[in-house]
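In order, the protein sequence lines correspond to chains H and G. With our numbering, the residue at position 53 of the first sequence is 53, and numbering never jumps. One gets our numbering by counting positions in the second sequence from 1 and adding 1000 to each.
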Amino acid sequence: DTAVSQTPKYLVTQMGNDKSIKCEQNLGHDTMYWYKQDSKKFLKIMFSYNNKELIINETVPNRFSPKSPDKAHLNLHINSLELGDSAVYFCASSPSPIEQYFGPGTRLTVT
Amino acid sequence: AQSVTQPDIHITVSEGASLELRCNYSYGATPYLFWYVQSPGQGLQLLLKYFSGDTLVQGIKGFEAEFKRSQSSFNLRKPSVHWSDAAEYFCAVGNQAGTALIFGKGTTLSVSS
C-alpha cells in the first residue's frame, strides 16, 4: 500500500517543454506539499495545499503551477522548462499535527 | 529567521560504532523537530519526531534523539551502526499543522567495514 505516490519517477526532457508531475496520497490527509531538492540535496518548500486551497506559495517562478483537483491529489505543472529546473521534486502529505510523509520523488532532468 | 544547521556535511563511522549526528535550530516558538533519512535514490523516511513531553525520543531502526532547549539542539544517536544505515540524514523543524518544514542541509553518513 503506497502512501504517497508520484509519477513519473524519472523525467528527461528538453528546454522549453512543458511537463507535469502527479502526486497522490491515500492517507486521508488534508494538506499536501511540493518540495524541491537541488543538486546539493537541499530541500525547500515550493507549495502547500490544504483541502484543495493554496496556503503556501514560496518564491518560485510563475512557470510552476500546482493544481489540486481533490484533497488526495496535488499535481505540479511546469512550463517552458529551463536547465535550472533540473532537480528532484518531492510531494508530501500531512495529517494534523505536522509530521509529513514524503513520496519517492521525481527526478527531473532538463537537457 | 527560522533555520536549521547540521554542522557535519559528511561523517564516516565504522560498522558497530556509535553515531551522533548534530542538529541545531533557530526558531521563535516551541519547535516541532524531526529527523528524516534518505537512502540513495529514495524518498525521505521519517525516523522520529519531537513535539512535547519526554525530551528523549525513540524512533525506528534503533535511532533516538534528544531535545535540549538550552542548546537549541536535537541530536540524533544510534548505539551501533549497521552498513545499511549509510544514507543522507536531514533534521527539520516546523511549528503547526499546514506549515512547511524547514530542513537542514543534511549529513551524509558513510559506514566503513
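Glycine included, every Cβ here is placed at the ideal spot set by N, Cα and C. Remember, predicted model here, so these are calculated numbers, not experimental data.
Contact set between residue i and chain G, taken where Cβ atoms lie within less than 7 Å
i: H:PHE102; result: GLY1043 and LEU1044
i: H:TYR10; result: The contacting residues do not exist; H:TYR10 stays about 10 Å from chain G at best.
CA-to-CA distance, residue j to residue i, given in whole angstroms
i: G:ILE1011; j: H:LYS71; result: 40 Å
i: G:GLY1062; j: G:ALA1086; result: 14 Å
i: H:GLN14; j: G:GLN1042; result: 24 Å
i: H:LEU43; j: H:GLN100; result: 13 Å
i: G:THR1108; j: H:VAL12; result: 27 Å
i: G:PRO1040; j: G:ILE1009; result: 16 Å
For residue i, the nearest candidate out of the options (CA to CA)
i: H:GLY16; options: H:CYS91, H:LEU83, H:SER94 and H:PRO104; result: H:LEU83
i: G:ALA1029; options: G:LYS1061, G:ARG1022, G:SER1052 and G:SER1039; result: G:SER1052
i: H:LYS41; options: G:SER1113, G:GLY1104 and G:TRP1083; result: G:GLY1104
i: H:GLN37; options: H:MET46, H:LYS67 and H:ALA87; result: H:ALA87
i: G:PHE1174; options: G:CYS1023, G:ARG1077 and G:SER1014; result: Look at the range of chain G in this structure, 1001 to 1113, and you will see that residue 1174 of chain G is not part of it.
i: G:LEU1078; options: G:ILE1060, G:LYS1068 and G:ARG1069; result: Per the sequence shown, residue 1078 of chain G should be read as Lys rather than Leu. Closest by alpha carbon: G:ILE1060.
i: H:ILE21; options: H:TYR35, H:LEU27, H:GLN6 and H:ASP30; result: H:GLN6
Listed by chain order, chain H residues near residue i by CB distance under 9 Å
i: G:GLU1088; result: LYS41
Contacts that residue i makes with chain H (C-beta to C-beta distance below 7 Å)
i: G:GLY1106; result: LYS41
i: G:LYS1049; result: GLU99
i: G:ALA1127; result: Because chain G here runs from 1001 to 1113, residue 1127 of chain G falls outside it and cannot be looked at.
Bounding residues of the beta strand (DSSP E) (the contiguous stretch that carries residue i)
i: H:ASN17; result: From DSSP, H:ASN17 is part of no beta strand (DSSP E); its letter is neither H nor E.
i: G:ARG1077; result: 1073-1078
i: H:LYS67; result: 64-70
i: G:TRP1083; result: Element bounds for G:TRP1083: n/a, residue is neither H nor E.
i: H:ASN75; result: 73-78
i: G:THR1011; result: One detail in the question is off: residue 1011 of chain G reads as Ile in this sequence, not Thr. G:ILE1011 -> beta strand (DSSP E) spans 1010-1014.
i: H:GLN6; result: 4-7
i: H:TYR33; result: 31-37
i: H:ILE56; result: 53-57
Under 9 Å from the C-beta of residue i: neighbouring residues of chain G
i: H:GLY28; result: Within 9 Å Cβ-Cβ: nothing; H:GLY28 doesn't reach chain G, min ~14 Å.
Checklist entry - Just by C-beta distance, which residues in the region 71-89 of chain H are closer than 7 Å to chain G? => result Residues passing the 7 Å Cβ filter: none.
Checklist entry - What residues in the region 45-64 of chain H bring their beta carbon closer than 7 Å to a beta carbon of chain G? => result From the region 45-64 of chain H, only ILE45, SER48, ASN50, ILE55 and ILE56 have a Cβ closer than 7 Å to chain G.
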